[in-house]
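**Q** Quick one: the structure is below, and I'll ask about it shortly.
2 protein chains.
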Amino acid sequence: MTTTDLPPYARVRQAKRARYDAPAVHAILDAGLVAHVGFIMDGRPMVIPMAYGRDGDMLYIHGASTTRIIRDVTEGFPLCLTVSMVDGIVAARSAFHHSVNYRSVVVHGQAHHVTDPDGHDHALKVITEHLLPGRWAEVRPMLAKERKATGVLAMRIDTAAAKTRTGGPVDDAADYDLPIWAGVIPVVTALGRPVDDNRVVEGTPCPASLDAARHRFL
Amino acid sequence: MTTTDLPPYARVRQAKRARYDAPAVHAILDAGLVAHVGFIMDGRPMVIPMAYGRDGDMLYIHGASTTRIIRDVTEGFPLCLTVSMVDGIVAARSAFHHSVNYRSVVVHGQAHHVTDPDGHDHALKVITEHLLPGRWAEVRPMLAKERKATGVLAMRIDTAAAKTRTGGPVDDAADYDLPIWAGVIPVVTALGRPVDDNRVVEGTPCPASLDAARHRFL
Numbered sequence: 007m008t009t010t011d012l013p014p015y016a017r018v019r020q021a022k023r024a025r026y027d028a029p030a031v032h033a034i035l036d037a038g039l040v041a042h043v044g045f046i047m048d049g050r051p052m053v054i055p056m057a058y059g060r061d062g063d064m065l066y067i068h069g070a071s072t073t074r075i076i077r078d079v080t081e082g083f084p085l086c087l088t089v090s091m092v093d094g095i096v097a098a099r100s101a102f103h104h105s106v107n108y109r110s111v112v113v114h115g116q117a118h119h120v121t122d123p124d125g126h127d128h129a130l131k132v133i134t135e136h137l138l139p140g141r142w143a144e145v146r147p148m149l150a151k152e153r154k155a156t157g158v159l160a161m162r163i164d165t166a167a168a169k170t171r172t173g174g175p176v177d178d179a180a181d182y183d184l185p186i187w188a189g190v191i192p193v194v195t196a197l198g199r200p201v202d203d204n205r206v207v208e209g210t211p212c213p214a215s216l217d218a219a220r221h222r223f224l
Numbered sequence: 007m008t009t010t011d012l013p014p015y016a017r018v019r020q021a022k023r024a025r026y027d028a029p030a031v032h033a034i035l036d037a038g039l040v041a042h043v044g045f046i047m048d049g050r051p052m053v054i055p056m057a058y059g060r061d062g063d064m065l066y067i068h069g070a071s072t073t074r075i076i077r078d079v080t081e082g083f084p085l086c087l088t089v090s091m092v093d094g095i096v097a098a099r100s101a102f103h104h105s106v107n108y109r110s111v112v113v114h115g116q117a118h119h120v121t122d123p124d125g126h127d128h129a130l131k132v133i134t135e136h137l138l139p140g141r142w143a144e145v146r147p148m149l150a151k152e153r154k155a156t157g158v159l160a161m162r163i164d165t166a167a168a169k170t171r172t173g174g175p176v177d178d179a180a181d182y183d184l185p186i187w188a189g190v191i192p193v194v195t196a197l198g199r200p201v202d203d204n205r206v207v208e209g210t211p212c213p214a215s216l217d218a219a220r221h222r223f224l
């Protein structure tokens, strides 16, 4: 897909920071922990942080069946799903050139309720394994009442724009002579040591999914 | 403000996780690095990660004058500004009870362009100092052309709901006997060591704002 094929709402203003190819988009979607999902309700914009997962060009989100976005969002509703990570604070010699290093993706698509049992289980597996790869096989199977209590929305990626900033500050030429510190303060996100809930059956080891999750941050 | 005063879109479904008081709301807004700002454009929801800052019950966002949200959002447009931090991955003995520990605030308000020079400078100071407290006094003053190139939107907090989850997994009673690991994997966000841009004038020290920024993460 080239930029000219994209509707205006899906384009990034600063071309040098934008990518629209699937590998760039998928890498950022796969690195995020939560998505900020936007939808329109009663004429108002709503932005809700939600767990999510990706399988190919399909994104899944879930919630209690009674949650607004599950209960009130109807078939074909437009959704905007945004994932972003802050990688650094960029300090320049002027306030104007201060910035943030980041990776972000803005996806547009339409909501579809996933109701068939196989699709529903698959979506929940994708969402669970987004946070803890391999976890699905480690836990006990889903119960029928749990399936009923959990609503799943799928959205195919109609358009997606990745935008990133890397590197140091770019100051006005004259400002480099000023005795003002400038550079990048890295923002680091990492997983700490797992803390069990004090009721783990004795001798149960930390599972492989925890290690797999940790590798996402390396 | 009590829950019953709030319009439906501003209420949190799970009462036990919700707070609506200013101290709880402000603490989360002040701890975030970026906000996800939602608005409606051509009938579609848009969610854009943006730098922001808070002063009392006023929130400021900014962007290049040519940026969509600055250029196309008109006076009184409804905005939704959401700030969230992930504090941990909660692993349970069933997929159903997996969760995330987090802090989040969803704010609803209306966009107002800040055009008077003093208000404009004040907003930019608030946004700059949100990331680097005290930075405004360390850098060279804004230039007229920079003010012109930067658009500022203000939104008063009309309604705000804070929602947090803390603690370990809550499993079904029968599941505690299963030999499955369960607990919390902390997600840690921190600032790394500042990296200067190699053009800092010799002898220029790291400024106080960097230390102040670090204290936000302690």
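Respectively, the protein sequence lines represent chains A and B. Residue numbers for the first sequence follow our numbering, beginning at 7 and rising by one. Residue numbers for the second sequence follow our numbering, beginning at 7 and rising by one. Yeah, the Cβ is synthetic: ideal placement off N, Cα and C, and Gly gets one too.
#1: Would DSSP call R99/A helix, strand or coil?
#2: Suppose you measure from the CA of D202/B to the CA of A188/A; what does that come to, to the nearest Å?
#3: Could you give the distance in angstroms between the alpha-carbon of V113/A and the alpha-carbon of A179/B?
#4: Could you check which residue in H128/A, A196/A, A97/A, D181/A has the C-alpha nearest to that of G174/A?
#5: Between the segment 44 to 56 of chain A and chain B, which residues of the former have a C-beta closer than 9 Å to a C-beta of the latter?
#6: Within this structure, are the beta carbons of R99/A and G157/A separated by less than 9 Å?
#7: State the DSSP-derived secondary structure class of P192/B, mapped to helix, strand or coil.
#8: Which residues in the same chain have their Cβ closer than 7 Å to the Cβ of V79/B, if we skip the five residues on either side of it in sequence?
#9: For M47/B, which option in P14/A, G125/A, T195/A has the closest C-alpha, if you only look at C-alpha atoms?
#10: List, in order along the chain, the chain B residues whose C-beta lies closer than 8 Å to that of E144/A?
#11: Which whole-angstrom value describes the C-beta separation of P84/B and R50/A, a residue pair presumed to lie in contact below a C-beta threshold of 8 Å?
#12: Determine the DSSP secondary structure at G44/B, reduced to helix, strand or coil.
#13: For the beta strand (DSSP E) that contains P51/B, what are its first and last residues?
#14: Look up P31/A in the DSSP assignment and say whether it is helix, strand or coil.
#15: When you compare the CB of R23/A with every CB in chain B, is at least one pair closer than 9 Å?
#16: Name the DSSP bridge partner or partners of G59/A?
#17: What is the DSSP secondary structure of L138/A, reduced to helix, strand or coil?
#18: With DSSP run on the structure shown, which of helix, strand or coil describes A180/A?
#19: From the DSSP output, in three-state form, read off H104/B for me.
#20: Give the interface partners of V158/A over in chain B, defined as CB-CB distance under 7 Å, in chain order.
#21: Check the Cβ-Cβ distances between A129/A and every residue of chain B, and say whether any is below 9 Å.
#22: How far does the beta strand (DSSP E) with R205/B in it extend, from its first residue to its last?
#23: Can you confirm whether A33/B, when its beta carbon is compared against all beta carbons of chain A, has any partner nearer than 9 Å?
#24: Name the chain B residues whose beta carbon is nearer than 9 Å to that of S71/A?
#25: Name, in chain order, the residues that DSSP records as bridge partners for H86/B.
#26: Mind the definition here: the segment 162 to 169 of chain A touches the segment 123 to 140 of chain B only if three or more C-beta pairs lie below 8 Å; say whether that holds.
#27: Buried or exposed, going by whether 16 or more other CB atoms sit within 10 Å of the CB of A155/A?
#28: Under a CB-based cut-off of 9 Å, is I191/A close to chain B?
#29: For the segment 68 to 76 of chain B against the segment 34 to 45 of chain A, do three or more pairs of beta-carbon atoms, one drawn from each stretch, fall closer than 8 Å, so that the two count as touching?
#30: Which residues mark the beginning and the end of the beta strand (DSSP E) in which K22/B is found?
#31: Assuming A308/B is part of the beta strand (DSSP E), what are its boundary residues?
#32: Starting from the Cα of V111/B, find the closest Cα among A129/B, V89/B, H119/B and give me that residue.
#33: Should E135/B be labelled buried (16 or more other beta-carbon atoms within 10 Å of its own) or exposed?
#34: Can you tell me which of K22/A, E81/A, G59/A puts its alpha carbon nearest to the alpha carbon of H119/A?
#35: Could you name the residues of chain B that H126/A contacts, counting a contact when the two beta carbons are closer than 9 Å?
#36: Under 9 Å, Cβ to Cβ, is there at least one residue of chain B near A98/A?
**A** Straight from the coordinates:
#1: coil
#2: 6 Å
#3: 40 Å
#4: A97/A
#5: G44, F45, I46, M47, D48, G49, R50, P51, M52, V53, I54, P55
#6: no
#7: strand
#8: F45, A117, L159
#9: P14/A
#10: I186, W187
#11: 5 Å
#12: strand
#13: 50 to 56
#14: This sequence places Val at residue 31/A; Pro is not what is there. It is helical.
#15: no
#16: Y66/A
#17: coil
#18: helix
#19: coil
#20: Simply none; closest approach about 12 Å.
#21: no
#22: Taken as a continuous stretch (DSSP letters only), R205/B belongs to no beta strand (DSSP E), as it is neither H nor E.
#23: no
#24: Simply none; closest approach about 11 Å.
#25: Note that residue 86/B corresponds to Cys in the displayed sequence, not to His. In the DSSP output, where bridge partners are listed per residue, C86/B has G44/B, H114/B.
#26: no
#27: exposed
#28: yes
#29: no
#30: Per DSSP, K22/B belongs to no beta strand (DSSP E) and is neither H nor E.
#31: Past the boundaries of the shown model lies residue 308/B; chain B is included only from 7 to 224, so the question cannot be answered.
#32: V89/B
#33: buried
#34: E81/A
#35: Simply none; closest approach about 12 Å.
#36: yes
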